[in-house]
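Colleague: There's a structure below that I have some questions on.
Laid out in structure tokens, this is it:
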């Protein structure tokens, strides 16, 4: 079974703090993705990566950065957390081909106070 | 603009009843459409994938349909169970892209 794990299920941070969200997948997938999910808005793509050290901006990259130093690990960084970044963050991974399913982690619910 | 719209936003049914969820999309060119189930507090899990040439596909009590001409898909749940309570998300992939277009989901609640 594909497993995508995220470092925290719940996280509470203060405005201005630097926040790291970690994601690890165990299926040797090339592609990894970070989304945020907000009520009424669905999932929105923040960043994705096709390979180690590669990154591409998604639809809402402002205020975020990412790091992919190893194939299995994809980190999302909030350089200076703000209250409007309070959200559910979901990591996903997939293989190379277009029909490949994206497998999602359990999510991290981040609250910025 | 590529969009995916789902209806209804929410649905309440009694255990044992059937229901149908709708998904309309404007994504073009089209590659495939997936229905995901997301339990509360968990990540989405794929139920089924529909490609251009497929009209109907079943996965247990879940049956998905696709009309590529009208750009509509439906997910029919038969003999609902309490464990079917979840959000169901329609996700469309355009051709030649790894980016997905997500619907906002239908929240289904099944009561005994």
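Chains as they are written, first to last, in this note's numbering: chain Y, 1 to 113; chain W, 114 to 225.
Note that CB positions come from ideal geometry on N, CA and C, so glycine has one too.
#1: So what does DSSP say about residue 197 of chain W, is it helix, strand or coil?
#2: According to DSSP, residue 165 of chain W sits in a beta bridge with which residue or residues?
#3: So, does the CB of residue 106 of chain Y fall closer than 8 Å to a CB anywhere in chain W?
#4: Taking 8 Å as the CB-CB cut-off, is residue 213 of chain W touching chain Y?
#5: Is there contact between the region 216-225 of chain W and the region 158-172 of chain W, where contact requires at least three CB pairs shorter than 8 Å?
#6: Can you pull the chain W residues whose beta carbon is under 8 Å from the beta carbon of residue 22 of chain Y, in chain order?
#7: How would you call residue 111 of chain Y, buried or exposed, if buried means at least 16 neighbouring beta carbons within 10 angstroms?
#8: Give the secondary structure of residue 83 of chain Y by DSSP, where H, G and I count as helix, E and B as strand, and everything else as coil.
#9: Is there a C-beta anywhere in chain W that falls below 8 Å from the one on residue 40 of chain Y?
Modeller: Quick answer:
#1: helix
#2: Answer by DSSP bridge pairing: none, since residue 165 of chain W is not bridged.
#3: yes
#4: It does: the Cβ of residue 213 of chain W has a partner Cβ on chain Y nearer than 8 Å.
#5: Touching, no.
#6: Those do not exist, as residue 22 of chain Y stays about 15 Å from chain W at its closest Cβ, beyond 8 Å.
#7: exposed
#8: helix
#9: yes
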